[in-house]
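Chains as they are written, first to last, in our numbering: chain R, 926 to 1236; chain V, 926 to 1236. Step one of this worksheet: look at the structure below.
There are 2 protein chains.
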Amino acid sequence: MAVALPVIFSNFRSSPSSSRSKISFNCSSASSKMELHNEGRTKFMEFPYVSAPHRKLMQHLISTVENRLGSQLLPCTLPPDVQYYQNQTGTAHASLHIRSGHKPSQSQIDFLLGSWIHSELPTGGALNITSLSAYLNSLTDAPNFLIELIQSSPTSLILILDLPPRKDLVFNPDYLHTFYEGTQLDTRRQILEKIPEVRPYISSSLYIRSLVSPTAIMVRIETEASQPGRVEELIKDNVDPIAKEVLDIWLDQCACGKREVGETERAFLEKRDGLIKTKTFEVDLGSSFPRLFGPEVADRVLGAIRDFFTV
Amino acid sequence: MAVALPVIFSNFRSSPSSSRSKISFNCSSASSKMELHNEGRTKFMEFPYVSAPHRKLMQHLISTVENRLGSQLLPCTLPPDVQYYQNQTGTAHASLHIRSGHKPSQSQIDFLLGSWIHSELPTGGALNITSLSAYLNSLTDAPNFLIELIQSSPTSLILILDLPPRKDLVFNPDYLHTFYEGTQLDTRRQILEKIPEVRPYISSSLYIRSLVSPTAIMVRIETEASQPGRVEELIKDNVDPIAKEVLDIWLDQCACGKREVGETERAFLEKRDGLIKTKTFEVDLGSSFPRLFGPEVADRVLGAIRDFFTV
């Protein structure tokens, strides 16, 4: 994967397509917005640093969401240097793709955020993170969607896959029943748990631990160095089918399902959602971006996406 | 431990102290109430079927709570055949000890519930469960306390130790900070997690999983049959000091700490607490008691304690 690094790097710095992006960012016509979107999307969908099964899974998840919800989604209008960016020394590269939903009257989608991050490690290896998260708006109280794969060595992978609840489950057992018991989500977690190389992954942030559902898949896969390709095999045979199933459940029952949300409840939901987004921004993005990309790039990227996370 | 079984059994059936209990239950004077309490407490505090380190730990936890909160606690007034009971065939025995707090104006304690259950298993071994839970009332929103040790074989122990939150942590990050981050509760979980024989324990009930805090210790200790006494060693050296520390944190910061709770918040807290108790009664007690003690005994015991769990 390290071979791809300079290629991507030089492409971005000097290719005509990159210059076009910068120009189109200054235009406001629908066609140049689409051009900006399409260029960013192409780069994003490459997932250039991860293994084939990992890339295929991410591409499938994103295409599935786009096919199902496409008509409800606006193009990605992030500046080109936020859709794709790198640190000053060129050792860290990333792509970011955010699509808002149409106005709440036409869509239950708040926004979708997809990203990949590649960073060379001082130890010689590389850190690769790919993620897709989907936030719903207050037309519905149904859970959000989250998948994140973090690979810090050829033998180690962290998987976070969940439908994070948007209500206090202790106070809303019916909600727990509808989205978590009724959907049999826990059976997917149990399948993964049985694989010998799978261990629980416990986030160091208590807020993140509080955010996820009781059926959240948060696991660390540790394979033997003597079994090269085993992580990829596990992604292909185990992670892939389960992630697709969980996304399908989310699309059918959450993103496209209808829920009754009263006015008071809607106001409360907006407050709670807002808090979740603020804390996620702070805890997850706000702390890792400066470390990976330096303060300047982090400021630019975080500045451009802050609007999505603040109400 | 199986040796103790018939001794306890015959003691209960024919001893004069057991008959006295039945008489005193019909008296309502303060002194006979205390007699009923004291007899039940003596039996309860025996923890007759568990190992010495396990028994000592439970006795210490209960004495510590009683010493600290004693003046706020009413005596246990459960009928004698609920303070100590068994199934029809004499293969399952149990003791239950519940003490309410004085009126809310004088105490933040709703009630404390201690219990032990011993049940012979068809496979030849025995199941031993000991627990202590403490529920606070709406004078405070501080977390409750819960410890449960479940031993189903000489080489296997499940430990549940937590301060279950009384607020939605996602919506109340300050509360999360005060009681969970600030108290360094997670460091205790981390210590246990490092022991090679310790594995995470995941409750089959999603409601129970939702109830506990992100620092909850929910572990299964599985030792080798070739190392007899290893479970007891781990209780003595690891579980014991951590359980005592967590109880001290709860006593200092929750049971005896002062919190501002407004009227509206208090009403909501009462509703949420009520729901927790109803669901705990249903999921935990309501499902296991009939299985262990038969429907008749379960009805009697659950009938006597239902009042504590319903608002």
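For each residue, glycine too, the CB sits at the ideal point set by N, CA and C.
Subject >> For V:Phe1070, the nearest candidate out of V:Gln1011, V:Leu1136, V:Leu1217 (CA to CA) >> reply: Measuring from the Cα of V:Phe1070, the nearest candidate turns out to be V:Leu1136.
Original post:
What residues are listed by DSSP as bridge partners for R:Met1143?
Top reply: Paired residue(s): R:Ile1085.
Original post:
Should the stretch 1162-1179 of chain V be regarded as contacting the stretch 986-993 of chain V, the criterion being three or more beta carbon pairs within less than 8 Å?
Top reply: Cβ pair count under 8 Å is three or more, so yes.
**OP:** Report yes or no: is there a C-beta of chain V within less than 8 Å of the C-beta of R:Lys1183?
**Re:** So no, R:Lys1183 is outside the interface.
Original post:
Taking Cβ-Cβ distances below 7 Å as the criterion, which residues of the stretch 1192-1204 of chain V are in contact with chain R?
Top reply: From the stretch 1192-1204 of chain V, only Arg1197, Leu1200, Ile1201, Lys1204 have a Cβ closer than 7 Å to chain R.
Subject >> Three-state secondary structure assigned by DSSP to R:Pro1125 >> reply: In the structure shown, R:Pro1125 falls within a strand segment according to DSSP collapsed to helix, strand and coil.
**OP:** Answer with yes or no whether the minimum CB distance from R:Asp1093 to chain V is below 8 Å.
**Re:** Yes, R:Asp1093 counts as interfacial toward chain V.
Original post:
At which residues does the alpha helix (DSSP H) containing R:Gly1219 begin and terminate?
Top reply: 1211-1234 is the span of the alpha helix (DSSP H), which, as asked, contains R:Gly1219.
Subject >> Three-state class that DSSP yields for V:Phe950 in the structure shown >> reply: Legend: pLDDT at V:Phe950 = 44, less than 50; position of this residue unreliable, value from coordinates given subsequently. Under the three-state reduction of DSSP, V:Phe950 is assigned to helix.
Original post:
Would a C-beta distance cut-off of 8 Å place R:Asn1062 and R:Gln1031 closer than the cut-off?
Top reply: R:Gln1031 is positioned such that its CB atom lies no closer than 8 Å to that of R:Asn1062.
Original post:
Using the beta-carbon of each residue, which ones in chain V are nearer than 9 Å to R:Pro1098?
Top reply: Under a criterion of Cβ atoms nearer than 9 Å, the residues of chain V adjacent to R:Pro1098 are, in order, Tyr1132, Ser1135, Leu1200, Lys1204.
**OP:** Could you list which residues in chain V have their beta carbon closer than 8 Å to that of R:Glu1106, in chain order?
**Re:** The contacting residues are Leu1131.
Original post:
Are there three or more Cβ pairs, one per stretch, closer than 8 Å when the stretch 1137-1157 of chain R is compared with the stretch 1108-1122 of chain R?
Top reply: Verdict: yes, contact present.
Subject >> Exposure label - R:Arg1066; buried when at least 16 CB within 10 Å >> reply: Reading the sequence as shown, one finds Asp at residue 1066 of chain R and not Arg. By the neighbour-count rule (16 or more Cβ atoms within 10 Å), R:Asp1066 is buried.
**OP:** Could I get the ranges of all uninterrupted alpha helix (DSSP H) runs contained in the stretch 1040-1127 of chain R, with 4 residues as the minimum, in chain order?
**Re:** Runs of alpha helix (DSSP H) with 4 or more residues, each lying fully within the stretch 1040-1127 of chain R, are found at 1098-1101, 1110-1118, listed in chain order.
Original post:
By how many angstroms is the C-alpha of R:Ser976 removed from the C-alpha of R:Gly1154?
Top reply: Whole-angstrom Cα-Cα distance: 9 Å.
Subject >> Below-8 Å beta-carbon distance, V:Asp1111 vs any chain R residue >> reply: Between V:Asp1111 and chain R, the shortest Cβ-Cβ separation is below 8 Å.
Original post:
Over what stretch of residues does the alpha helix (DSSP H) that includes V:Leu998 continue unbroken?
Top reply: It is not in any alpha helix (DSSP H) - V:Leu998 carries neither H nor E in the DSSP assignment.
**OP:** Spell out whether any CB of chain R is found under 8 Å from the CB atom of V:Phe1148.
**Re:** Per the sequence presented here, residue 1148 of chain V reads as Thr, with Phe not at that position. Not one chain R Cβ lies under 8 Å of V:Thr1148.
Original post:
At a Cβ threshold of 8 Å, is R:Thr1140 touching chain V?
Top reply: Answer yes: the Cβ-Cβ gap between R:Thr1140 and chain V drops below 8 Å somewhere.
Original post:
Are V:Ile1083 and V:Arg1145 touching if we call contact CB-CB under 8 Å?
Top reply: Result yes, Cβ atoms of V:Ile1083 and V:Arg1145 sit closer than 8 Å.
Original post:
How would you write the range of the beta strand (DSSP E) that V:Ser1020 sits in, first residue to last?
Top reply: Where V:Ser1020 is concerned, the enclosing beta strand (DSSP E) stretches over 1017-1025.
Original post:
Is there at least one Cβ from chain V nearer than 8 Å to R:Pro1000's Cβ?
Top reply: Under the 8 Å criterion on CB atoms, R:Pro1000 is classed as non-interfacial with respect to chain V.
**OP:** Output yes if chain R places a C-beta closer than 8 Å to the C-beta of V:Leu1101; else output no.
**Re:** V:Leu1101 has a beta carbon lying within less than 8 Å of a beta carbon in chain R.
**OP:** Could you tell me which residues DSSP pairs with R:Gln1011 in its beta bridges?
**Re:** R:Gln1011 is bridged to R:His1018.
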